[in-house]
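For the sequence shown, numbering that gives the first Met the number 0 gives the first residue as 0, with consecutive numbering after it.
Think of the CB as a built atom: it goes at the ideal place given N, C-alpha and C, for glycine as much as any other residue.
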Amino acid sequence: MPSAQNQVTIARPVSEVFAFVADGLNGPRWRPGVLDISLVSGSGPTAVYKQGVKGPAGRRIAADYRITAYEPDRRLSFAATAGPVRPAGTYLFEETAGGTRLEFALEAELTGIKKFLMSGVVQKTMDAEVGAIERLKAVLESGTGSA
Numbered sequence: 000m001p002s003a004q005n006q007v008t009i010a011r012p013v014s015e016v017f018a019f020v021a022d023g024l025n026g027p028r029w030r031p032g033v034l035d036i037s038l039v040s041g042s043g044p045t046a047v048y049k050q051g052v053k054g055p056a057g058r059r060i061a062a063d064y065r066i067t068a069y070e071p072d073r074r075l076s077f078a079a080t081a082g083p084v085r086p087a088g089t090y091l092f093e094e095t096a097g098g099t100r101l102e103f104a105l106e107a108e109l110t111g112i113k114k115f116l117m118s119g120v121v122q123k124t125m126d127a128e129v130g131a132i133e134r135l136k137a138v139l140e141s142g143t144g145s146a
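Now the structure itself:
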């Protein structure tokens, strides 16, 4: 099962980091693979997003998702509801001296022919996605990402 994990410390209060990440519409500001995103329904713990991400040869792939856990300033989880691979992910937020420790983990279950054909590509994509929290850190610390 492909999985990926990354963590950073962001020199911003946990409430600000959580609010920014929890608003999926901020995704294109720090997640380079996002082509488009819109809020379909709900908000906060009931939010559902329609999202397109870059696939092979830059082709748009549906990657819609819904929030599955929402604990302000502590935890935010989601599950993909569209696309050929439907990963689940969790962001964990922890107040630390000097800011917020953010951990992001992703996993996807591949079965059958998908497991054989797509494992390498999926792993590479997931590694890039969790790596994007480094960009999130830069955006928030530069002051251009105010929630």
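Checklist line | Chain-order list of residues whose beta-carbon lies under 8 Å from that of Leu75 (same chain, five-residue window excluded) | finding: Phe17, Val20, Ala21, Ile66, Ala68, Tyr69, Thr89, Tyr90 and Phe92
Next item on the list: Have a look at Thr95 and Ile60 and give me their C-alpha separation to the nearest angstrom.
Entry: 37 Å
Notebook entry, point to check: Expressed to the nearest angstrom, what Euclidean distance is found between the alpha-carbon atoms of Leu34 and Tyr64?
Noted result: 14 Å
Next item on the list: Determine the burial state of Gly98: buried for a count of at least 16 other Cβ atoms within 10 Å of its Cβ, exposed for fewer.
Entry: buried
Notebook entry, point to check: Exposed or buried, what is Leu139 when buried is set at 16 or more other beta-carbons lying within 10 Å of its beta-carbon?
Noted result: buried
Item checked: Under the three-state DSSP convention, the category Gly43 falls into -> helix
Margin query: Checking 8 Å against the spacing of the C-beta atoms, do Ala62 and Val52 come in under that value?
Written below: yes
Margin query: Only counting the same chain, and skipping five residues up and downstream in sequence, which positions put a Cβ closer than 6 Å to that of Arg134?
Written below: Trp29
Item checked: Nearest-angstrom Cα separation, counted from Gly142 out to Ile9 -> 12 Å
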